[in-house]
Structure formats: C-alpha cells, structure tokens
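Shown next, in structure tokens, is the structure this report addresses.
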Amino acid sequence: MILQRLFSFLVLACLLISSTPLLQASDATYAQRTTPSKSIVQTTVKPFYNATPPVNTVTPAFISASPAPVRFFAVGDTGSGSENQKAVAAAMLVQAKSYHHTAKNKGCYPTQACVKGVLHLGDIIYPVGDAKKHGDRLVKTMYKGLGDLGVPFYFSLGNHDVITNHGQDVVDTLHIPQKTYYKVAISPVVDFFAINTNTFTKTQELWLETALKDSKTPWKIVYGHHPLYSTGSHGQDNDLKVLRGKLEPILLKYKVVAYLAGHDHNYERFATASTQAKGLPYLQIVSGGGGAYLRDKRTFPKAHCKPEDTQPIKVKTAKGYVTSQKCTEPFFPTTLFYDKTHYHYLDLALTAKSLNIKVRGTANQVLDEVMIKK
C-alpha cells in the first residue's frame, strides 16, 4: 500500500512539472530588466514598447553596479517609414550591439553598460498619427533589432502624433502613460522627464515642478517634441515662444542640465552660459533627423527679452505718456553647431560626474560631441 501511494505521488509530481511552461530566454532577460517579478506575469508588452507603467513613473529596475557609464539613445522625427529611417535604425542597432553581447546573449560587457533605453522626441507616426494602421510598421518592425536586445523605448508625443484621435491611438498602441508625461528612472545617476509639448498645461507644469523637486539624481534631463529655441524652419513659430515662457523658468529653477527636442528636421546645439556670453544655463539640443525628410530652410528669430533685461521707459501716445518696457539686452542663444544634411541620433553616456553626448550619423560617424562635467 505504501509503495502504491508513493508511486501515485511521483506520477502526479511528474504531471505537474511537465504542464508548467519553461521561461523563455527572452522572457528571462526581460525579467531581469523589469522588477518586481510579478509585473512580468501581468504584462504581455514586448521590450521595444514601454512596459505598462504606473501613472507618471516608468522605472526599469535593471541597474548596473558597474562603474561604466549609463548609456541611452535619443532620436526624433522618425516615423516616415523611409529608407532614411531604416538607415538610422540600423545604425542604432549596430552601436547598441557594440555595447551588448550578441542578440542571442543579451548580457552586457563587464566594462560597458548596456543601452538602457531610447528616448523618442516625438513625431513617431507620420503623417497623422494613425497608430492602429502604421504602428507595427513604423515602430515594432522598424526597431525589432533593438527590441530583440531588450532595449525599451520611452516616447514623447509630437504634433503629427496627436492629429488622429488626439493622440490616443498612439498612446494605446505604444503603451505610453495615459497622461502622456512621465518620469523615467533609469539609473541612480539620472532622471528623465518626458513631457507633452503639444498641450503643456498648468497641471503638467505643476507635475514637472514636483517631479524635479523630488528628484535626487545628479543629472536631470527633460525631453519633448517642441524646442524652446531653434533657427530651423519652426524657429519663429509662436507656440515655441509660448512654451519657452512656461517651461524655461522651471528648467532654470531646478537646474536641469539638458532639454532635448525635435520638431525641426535638422540638428542644432546651442551655446551654454559656461562657454559663451550668449549661452543658455542649460544645454538645448534640437534633434529631428531620425528619418523624416530633412529641411534646409533656416530662420533667425529676433532676440527676446528676459524680465531681468528690461527697464521702464516713458512712451508718448495719443493719450499722453505711458510707462512701457524696453529691452536693454536682447537675447537669443548662439548656435554652436548646426547640421541640415545628416540623418542622425544621439548617443548619451552618463556617470555621476559627467555627461557625454555624441551625435551619430547613419554610418555611426560622430558629427558633433559635447561633454559636461560636474
């Protein structure tokens, strides 16, 4: 009787084991990058899309203890499906693999950190943000190689992305947080803040202020679609001026090191105050060369006045003299580097003491490079 019971127990145990699916290698790698582990059970999201995050924070928990820099890419204005977009995507994959082992073994080199993610600067799906029709082709298929490496994307919405259904189709298809602005906590050395510059509401302003205030990392980087300054074809658009009036005081108040944007289909880097008289207190880069056609039109907006650069003056009108404001030092930052001929992406590496940005073309040649040290 005892032997019969023991035999029955062993048979039942074998049945249970054989009915339990084994964890696939790709799932195991993804599990390493996304804790707590229960989230792996609840999500069916592929690595090249955002994992479904809390309302306003995305926190991939695979953080390297290596002294190597934390790496990520940034790219904007991609969603054309053109050969140029494919060329940029291929270059990103080649460079990512240089920081990874092969696609079959997704671990990292001991002395080089994996690419932790791609920050997308908007205009993901041209021409009208029809994600249900074009989402797979312009994102899933286009960046499959990066997805196979386990590199996630963190999207911000561009003006083309919100034309169809106010952008809701793009949000749902690419698993962007419903509020469309959120914090990405990639590493102890940097926090990223994705914003929706199409509708930079007071609610979003207050969220960004609180999130920046609460951030404890050495570096803080904000990114969105519309730049604050540009000499490209959108340089004199009024919506840039409006956004600048709302966003720039927040960047200055919380000592944000960089603001990354797209919108103009070129590359432009402005001077910083530490290196130029007419420089910004933060680094601003326009990077809109991810695949959409490049624009060669260039504008040179008039300098604008900061409140501290104005003084009261008496102006004669038909009703007599009135007090007005005169700009004593018109300001527009100096462009240090401008490129309208190369499709490109940004390759960033951060440590607690340094931020390095390389602008890479489709052959991974370095078009521009900037280093900021603490």
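Residue numbering for the sequence shown is 14 to 387, as defined by the working numbering. Idealized CB from N, CA, C, for every residue including glycine. This structure is a prediction, so every number in the text was calculated from the model and none was measured.
Boundaries (first-last residue) of the alpha helix (DSSP H) holding residue i
i	result
S111	96-112
V88	Taken as a continuous stretch (DSSP letters only), V88 belongs to no alpha helix (DSSP H), being part of the beta strand (DSSP E) at 83-88.
L132	Segment 128-133 is the beta strand (DSSP E) holding L132; no alpha helix (DSSP H) there.
Boundaries (first-last residue) of the beta strand (DSSP E) holding residue i
i	result
D161	Per DSSP, D161 belongs to no beta strand (DSSP E); it is in the alpha helix (DSSP H), 157-161.
H147	First-last for H147: 144-148, but that is the alpha helix (DSSP H), not the beta strand (DSSP E).
D204	203-207
Y351	348-352
D381	379-386
F345	From DSSP, F345 is part of no beta strand (DSSP E); its letter is neither H nor E.
Y167	166-168
Where residue i falls, given that 16 or more other Cβ within 10 Å makes a residue buried
i	result
Y295	buried
V255	exposed
E261	buried
L170	buried
G302	buried
L265	exposed
S300	buried
Q297	buried
T193	buried
Y43	Per-residue confidence for Y43 stands at a pLDDT of 21, beneath the threshold of 50, marking its modelled position as unreliable; no derived number is given.
G389	Since the first residue shown for the chain is 14 and the last is 387, residue 389 is missing from the structure and cannot be characterised.
T216	exposed
V372	buried
D149	exposed
K310	exposed
G180	buried
Candidates the options, of which the one nearest residue i by Cα
i	options	result
F85	K145, A198, K266	A198
Q113	G148, D204, L159	The amino acid at residue 113 is misidentified as Gln; the sequence shows His. Here the closest residue by C-alpha is L159.
K145	L162, H133, T177	T177
L187	Y156, V269, N211	Y156
K353	P346, E96, L363, T312	T312
H357	L363, V269, A376, K387	A376
G92	F168, R257, T216	F168
K226	Y267, H133, T193	Y267
V131	D143, G142, G148, V152	V152
N97	H355, F213, K366	H355
D204	T244, H173, K129	K129
H247	F206, L273, K233, N279	N279
L293	C127, F283, P165, G301	F283
A362	T347, V383, D252	V383
V270	S287, L162, N209	S287
A81	A274, K366, L106	K366
A207	P240, V235, T154	V235
I137	T347, G304, K310	G304
H276	V183, G258, N211	N211
T285	L349, W232, D90	L349
V175	L221, H238, T216	H238
K233	Y242, L241, E222, S243	E222
K386	P231, V101, A109, S200	P231
S243	I189, F345, V372	F345
G135	D381, R373, R150, V184	V184
S200	T214, P240, S228, I370	S228
N172	K310, A274, R308	A274
S95	L368, L307, D381, L219	L307
DSSP-derived helix/strand/coil call for residue i
i	result
V175	helix
V152	helix
T223	helix
D182	helix
K196	strand
K366	coil
K233	strand
S31	Confidence is the limiting factor: at S31 the pLDDT is only 38, short of 50, which leaves the residue's position unreliable and the question unanswerable from this model.
Short CB-CB distance (under 8 Å) between residue i and chain C
i	result
G374	Of the chains in the structure shown, none is chain C; there is only one protein chain.
Worksheet item: Which residue spans inside the region 237-323 form an unbroken beta strand (DSSP E) run of at least 3?
Response: 271-274, 280-283, 296-300
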